[in-house]
Structures are given as structure tokens and as C-alpha cells.
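**Student:** The structure follows.
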Amino acid sequence: MKRRYEALLMDHFTNDSQMAFVAGPRQVGKTTTCTSFNADHHYFNWDNENDARLFLEGPAEVAEKVGVSQHRAIVFDELHKFPQWRNFLKGFYDSYARGKFNIVVTGSSRLDIYRKGADSLMGRYFLYHMHPLSVAELAHQKMPAKEVSRPQPVSTLDFERLERFGGFPEPFLKHNARFFNRWKRTRLKLLFREELRDVTRIHEVGQVELLAEFIRQHSGQLINYASLARKIRASQDSIRRWIEVLESLYYCFLIRPWTKNLTRSLLKEPKVYLTDWALVDKPGVRFENMVGCHLLKAVTWWQDLGLGEYGLHFLRTKDKREADFLVSREGRPWFIVEVKSSYTRPLTKNLEYFQTRIGAKHAFQVAADAEFEKDDCFAYEYPIKVPALTFLSQLV
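For the sequence shown, the residue numbers in the numbering used here are 1 to 396.
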């Protein structure tokens with residue numbers, strides 16, 4: 001399945017000479033995309049024994065092999081599993097590849113968390129985050145010209161499949177419950193049994209799996225570190241560290257409360273959501289998680305392309321007023337999102353309350369069951385109800 005990220009990589013190498021780092025969860029389509037944007041490429045994978053031996057021999061040996069093949073693009077897949085991967089890339093790029101090859105480095109762990117030490121690759125790469133499919137990406141695979149696009153129609157059937165089976169390409173395209181059940185079981189087993197082993201030094205795999213299950217059951221809720229520590233019989237420091245690891249492996253992500261220019265804001269723990277919303281059992285919670293994933297994809301896309309500084313938060317006060325999401329731009333509130341299952345639900349007063357107090361330009365109540373409309377959601381600067389099919393199609 002052709003992904004929007006192919007256009008992103010083509011745009012990157014048209015304008016920039018730096019390496020492109022593409023990070024994202026396992027089976028999101030990184031390898032397919034990174035080997036499809038340029039048919040003239042050479043592919044290396046750390047999980048291939050022959051390639052791993054070549055990496056261990058050093059940059060010169062890799063350069064010799066690439067030089068013989070005369071390929072313009074080089075893809076290094078899962079290279080972060082190589083303990084000396086940063087030193088290898090720095091040596092290869094500086095000595096052999098700068099200005100000669102388009103280099104793509106992929107990883108199913110957060111490549112940015114390994115940037116430590118004096119041998120940093122700073123200035124030699126740009127990092128891109130690859131997310132699961134979204135409503136906007138189903139509508140078209142072109143590079144968006146602006147932050148938000150005009151509404152683009154997507155079939156109700158595709159929307160329902162996306163909500164039910166998630167945005168990972170294979171289960172979405174198959175849209176078969178039996179296949180999905182087997183696929184998710186295999187993927188989670190690989191995540192916990194291989195990814196944890198390859199990129200961390202955590203030995204308490206069983207406890208981390210138990211923590212992941214608690215997170216799955218409480219998607220969209222505040223994290224209570226003390227409660228989790230008691231249930232899993234681990235220290236709060238261990239719980240915090242393990243959640244950071246689960247974030248780095250793209251199992252889940254955290255969003256934190258917005259506290260600027262909001263009196264009586266709740267300075268408390270973050271909320272947690274799953275990267276694969278299809279793992280959430282309850283439909284209403286799953287849809288909220290899906291919207292959160294769409295917003296995170298948009299925020300990271302805008303930042304990766306250098307359009308500015310963006311953030312994803314939620315709103316909550318001590319008197320229990322709340323809104324599900326807030327997107328900020330350049331450190332200021334941009335738009336508020338409250339998620340509802342039905343369009344018939346009355347417009348929540350919390351949207352006006354928060355918009356007035358923090359100065360957000362837009363405030364949306366996003367409904368799962370409403371039909372697509374052509375109206376531009378971002379043309380309105382007061383609280384409105386909007387169909388999810390419309391609102392999500394305007395993002396990324």
C-alpha cells in the first residue's frame with residue numbers, strides 16, 4: 001500500500017543532503033516505504049546475519065559493497081540494534097556517503113532517544129516519525145501543502161474498518177477479525193520478547209507485559225504511578241522507567257495537562273493512549289484513542305517538516321472541567337477537541353469555557369457517527385460540532 005511517507009522522503013532528498021531517519025512502530029510499513037520511494041537502492045538489515053557481519057567489519061567494507069552496486073539510495077533497516085550504530089553511521093556518512101548517497105535509516109524504536117555522547121550525529125540527519133494510517137492518508141497520499149487541508153471524503157466503510165482494525169496496513173487491508181486476532185498476538189509477542197531484549201536491558205519482561213495490559217485496559221485515563229506500582233509489585237521508579245520504554249517501542253504515548261494561562265488547572269499525571277487503538281475493547285474509548293493518534297500524527301508531522309513547534313495536551317481543572325485534547329502551536333493554544341460518539345450529544349459548555357480562558361482559536365466537538373460534510377472546520381472560531389470524517393480528513 002502506497003504511503004504518504006514516500007512523498008515525504010522524495011521531498012527530503014530533493015531539498016536536503018542529510019540522512020533521513022524514519023522511526024515508527026513495528027509493522028507500520030517502514031521497510032516497504034523506505035525501499036519503494038527510490039527503486040535504485042541498496043538494502044541492509046541488521047537482522048540479516050550477512051549484513052550484521054558486514055556492519056561489524058566497519059564502514060569501509062559497507063562502502064566497498066555499495067560502490068560496486070552503484071546504487072544512489074541506501075537503506076539501513078533496524079540498525080539501532082547494533083550497539084555501535086551511531087559511530088558506524090557517522091564514519092560511513094562523513095567518509096563515504098556525504099553528497100553521494102541518499103541514506104535512510106529505519107528503526108522500530110525511538111531513534112532520537114539514543115543521541116547521547118560526544119559522537120552525536122547532530123547535523124547529519126533529520127528525523128521523521130512514521131505513524132499508522134489515518135483518515136487523511138486514506139483520502140490522498142500527496143504531501144499536504146499546508147498544516148490543515150480542505151476536507152476530503154473517505155468512504156464510511158473505510159472509516160469503520162480503520163476504527164475497528166486500526167491503522168497498521170496489513171490488518172486494515174485484510175479487515176478480517178480472525179486475521180487481526182492472530183496478527184496482534186504475534187506482533188505483541190515480538191514486541192515484548194524481542195524488542196525489549198534487543199534495545200533495553202530490562203529483565204522483568206513479565207512485569208512489563210502486565211503493565212502494558214493495565215495500560216490497554218485504562219486507555220485515555222490518568223496514570224496513577226502509585227496504584228500501578230502496588231498492582232504490579234514494583235517501585236514507582238520502575239513503573240516510570242518501564243512506561244518510558246513502552247513509549248520508546250511505540251506501544252503507547254503520554255499526553256500532559258496544559259497549565260499555562262489556565263487558573264485552577266490540574267497539575268497532575270499524564271494521560272496514556274495506545275499507538276494501536278484497535279487493541280482497545282470499548283468502542284467509545286477506542287474512538288477517543290483513535291482521535292488522539294490522529295492528533296499525535298499531525299503534531300509530529302508538522303514538527304518533522306519544520307513548520308513550527310507543536311504540542312498535544314489535555315485540559316482539566318480542579319473543579320473537574322475537562323476537554324480531551326488541546327493542540328498548541330508555538331507555545332500557544334491553537335484548537336481544542338472534545339470527542340463524542342454521537343452527533344446528537346449537546347455541545348459541551350466546556351469548549352466555550354476553555355476557549356474563552358486560554359484563547360484557543362478553534363474548539364471542536366468531534367462526533368464519530370456524523371456523515372461527511374464539505375465545510376472547513378477551521379473556518380469557524382467558535383465552538384462547533386463536527387463530523388469525525390470531516391475533521392480528521394483535514395489533518396495528516
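C-beta: ideal position from N, C-alpha, C; glycine also.
Compare the Cα-Cα distances from VAL105 to each of ARG86, ALA388 and ASP94 and report the closest residue.
**Tutor:** Nearest option by C-alpha distance: ARG86.
**Student:** If you reduce the DSSP assignment to three classes, tell me which class GLY311 lands in.
**Tutor:** Looking at GLY311 - three-state DSSP - the assignment turns out to be strand.
**Student:** Give the list of continuous beta strand (DSSP E) stretches no shorter than 3 residues that lie fully inside the segment 147 to 228.
**Tutor:** Fully enclosed beta strand (DSSP E) runs of 3 or longer: not present.
**Student:** For PHE55 and HIS12, what's the separation of their Cα atoms in angstroms?
**Tutor:** Cα-Cα distance, rounded: 26 Å.
**Student:** Find out if the Cβ-Cβ distance for the pair ARG329, GLY308 is shorter than 7 Å.
**Tutor:** Yes, the Cβ-Cβ distance between ARG329 and GLY308 is below 7 Å.
**Student:** Just curious, the beta strand (DSSP E) that ASN38 is in, first and last residue?
**Tutor:** Where ASN38 is concerned, there is no enclosing beta strand (DSSP E), given that its DSSP letter is neither H nor E.
**Student:** For a minimum of 4 consecutive residues, which ranges assigned as the alpha helix (DSSP H) are wholly contained in the segment 51 to 111?
**Tutor:** Taking only runs of at least 4 residues, the alpha helix (DSSP H) segments lying wholly in the segment 51 to 111 are 59 to 69 and 85 to 92.
**Student:** Would you call ALA226 buried or exposed, if buried means 16 or more other Cβ atoms sit within 10 Å of its Cβ?
**Tutor:** Exposed is the call here.
**Student:** Flag ASN45 as yes when its Cβ comes closer than 6 Å to any non-hydrogen atom of the ligand NAP, and as no otherwise.
**Tutor:** Annotation note on the ligand NAP: not contained in the displayed structure, which lists no ligands.
**Student:** Would you check if the segment 152 to 164 and the segment 334 to 353 touch, i.e. whether three or more CB-CB distances between them fall below 8 Å?
**Tutor:** Segments in contact, no.
**Student:** Secondary structure at THR317, three-state DSSP: helix, strand or coil?
**Tutor:** Reduced to three states, the DSSP call for THR317 is strand.
**Student:** Here's the rule I'm using: 16 or more other beta-carbon atoms within 10 Å means buried, otherwise exposed. How should SER134 be labelled?
**Tutor:** Per the 10 Å Cβ criterion, buried.
**Student:** Taking the alpha carbon of LEU295 as the reference point, which residue from HIS131, VAL386, GLY206 and GLY331 has its own alpha carbon closest?
**Tutor:** Ranking the options by Cα distance to LEU295, first place goes to HIS131.
**Student:** Can you look up PRO283 in the DSSP assignment and give me helix, strand or coil?
**Tutor:** Helix, per DSSP.
**Student:** Can you name the start and end residues of the alpha helix (DSSP H) that TRP334 belongs to?
**Tutor:** No alpha helix (DSSP H) holds TRP334; the beta strand (DSSP E) holding it covers 332 to 340.
**Student:** Within its chain, find whatever has a CB closer than 6 Å to the CB of ALA323; leave out the 5 residues flanking it on each side and keep chain order.
**Tutor:** The answer, listed in chain order, is LEU315, ILE336, GLU338, ASN350 and PHE354.
**Student:** CB PHE372 to CB VAL148, shorter than 7 Å?
**Tutor:** No, the pair does not count as a contact, with Cβ atoms beyond the cut-off.
**Student:** Using the three-state DSSP reduction, which class does SER328 fall into: helix, strand or coil?
**Tutor:** Reduced to three states, the DSSP call for SER328 is strand.
**Student:** Tell me whether the segment 235 to 252 and the segment 190 to 200 touch, counting them as touching only if at least three CB pairs, one residue from each stretch, are closer than 8 Å.
**Tutor:** Contact holds: three or more Cβ-Cβ distances are below 8 Å.
**Student:** Please classify HIS402 as buried or exposed, where buried requires at least 16 neighbouring CB atoms within 10 angstroms.
**Tutor:** Because the chain is modelled from 1 through 396, residue 402 falls outside the range shown and cannot be assessed.
**Student:** Starting from the Cα of PHE88, find the closest Cα among ARG53, PRO383 and GLY99 and give me that residue.
**Tutor:** Answer by Cα proximity: ARG53.
**Student:** Can you list, in chain order, the residues of its chain whose CB lies under 7 Å from that of GLN207, leaving out five sequence neighbours each side?
**Tutor:** The residues are ILE232 and ALA234.
**Student:** Would you decide whether ARG26 is buried or exposed? Buried here means 16 or more other CB atoms lie within 10 Å of its CB.
**Tutor:** Classification of ARG26: buried, given that the 10 Å Cβ count is 16 or more.
**Student:** Are the Cβ atoms of GLU288 and ILE223 separated by less than 7 Å?
**Tutor:** Taking 7 Å as the Cβ cut-off, GLU288 and ILE223 do not qualify as a contacting pair.
**Student:** Using the Cβ count rule (16 or more neighbours within 10 Å means buried), how would you classify PRO257?
**Tutor:** Buried.
**Student:** Mapping the DSSP letters down to three states, classify VAL396 as helix, strand or coil.
**Tutor:** If DSSP states are grouped into helix, strand and coil, VAL396 belongs with coil.
**Student:** Which of the three DSSP states is assigned to GLN141 in this structure?
**Tutor:** Reduced to three states, the DSSP call for GLN141 is coil.
**Student:** Roughly how many angstroms separate the alpha carbons of ALA73 and ARG124, rounded to a whole number?
**Tutor:** Taking the straight line from one Cα to the other gives about 16 Å.
**Student:** Under the rule that 16 or more other beta-carbon atoms within 10 Å means buried, what is ASP276, buried or exposed?
**Tutor:** So ASP276 counts as buried.
**Student:** I'd like to know whether the C-beta atoms of PHE76 and PHE37 end up nearer to each other than 7 Å.
**Tutor:** Not in contact: PHE76 and PHE37 (Cβ atoms no closer than 7 Å).
**Student:** Just how far apart, CA to CA, sit VAL272 and ARG150?
**Tutor:** Going by the C-alpha atoms only, they are around 30 Å apart.
**Student:** Could you tell me whether the Cβ atoms of SER393 and ALA7 are closer together than 7 Å?
**Tutor:** Contact: no.
**Student:** Could you give the distance in angstroms between the alpha-carbon of PRO153 and the alpha-carbon of PRO144?
**Tutor:** Roughly 15 Å between the two C-alpha positions.
**Student:** Does the beta-carbon distance from ASP304 to TYR128 come in below 7 Å?
**Tutor:** Yes, the pair counts as a contact, with Cβ atoms nearer than the cut-off.
**Student:** Per DSSP, what kind of secondary structure is MET10 in: helix, strand or coil?
**Tutor:** Helix at MET10.
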